[in-house]
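K.L.:
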Amino acid sequence: MSEITKNIFVSHHHLDAHKIEDFRDLIGRHGITTRDSSIYEDKLKNNAKNENYIKYELITPQIRWAGTVFVLIGKDTAQSDYVNWEIETAAKMGKQIIGVYLRGAKNEDAPPALLEYGNNLVGWNGEKIRRALEGEDLDWENADGTLRDNQDADLPRYQC
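So for the sequence shown, my numbering puts the first residue at 898; every next one is plus one.
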């Protein structure tokens, strides 16, 4: 397995920020070195309160820099306005978008924007994440690892 280095942004619900390092460790064990532009408390503390400033001055440049946006899917991810906005923003920029279920997540935790714009949706499996990152069009998964019974997920997804 050859080593690859990727610029990534990890979209997540703020309560799942502590999982980002676990995610990076998981894919690191599968030969993926990351340069991570994600914004989260353990990495970059900020006290910004203005939503436009947060979205357009802090987050947008970080997504623009990244080649791939990963979406960590946990309990409250589907309801996060920021996560859905980040996915839509990444899609407008033509970024690769890969959803990854955290352990214990449920199917309904997947954000609506991911189901609309995502390239892949996989479980907490380093090999599948690597294959998705390399551009392989994998079958979309449910949170339990079974194949997703969703017609939209079977549509080919193209980068603009």
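All C-beta atoms, glycine included, are put in the ideal place defined by N, C-alpha and C.
Treat the numbers as computed from the prediction; the structure is a model and nothing was measured.
#1: Beta-carbon within less than 6 Å of A1050's beta-carbon, same chain only, minus the 5 sequence neighbours each way: which residues are those?
#2: Between I994 and V1019, which are expected to be in contact by the criterion C-beta below 8 Å, what is the C-beta distance as a whole number of angstroms?
#3: Considering only the alpha carbon of each residue, which of G1023, Y1014, N1016, N1004 lies closest to T1043?
#4: Take the Cβ of Y998 as the centre, count every other Cβ of all protein chains shown within 10 Å, and call the residue buried at 16 or more, exposed below.
#5: I'd like the ranges of any beta strand (DSSP E) spanning at least 3 consecutive residues and lying wholly in the region 948 to 1004.
#6: Would you mind stating whether G1001 and K972 have Cβ atoms separated by less than 9 Å?
#7: Can you find the residues in the same chain that come closer than 8 Å, C-beta to C-beta, to T930, ignoring five residues on each side of it along the sequence?
P.N.:
So, from the data block:
#1: Note that A1050 has pLDDT 45, beneath the 50 cutoff, so the model's placement of it is unreliable and the number below is only indicative. So the list reads W1037, once near-sequence residues are dropped.
#2: Their Cβ separation, rounded to whole angstroms, is 12 Å, which puts I994 and V1019 out of contact at 8 Å.
#3: N1004
#4: Label assigned to Y998: buried.
#5: 965 to 970, 993 to 998
#6: yes
#7: E900, I901, T902, K903
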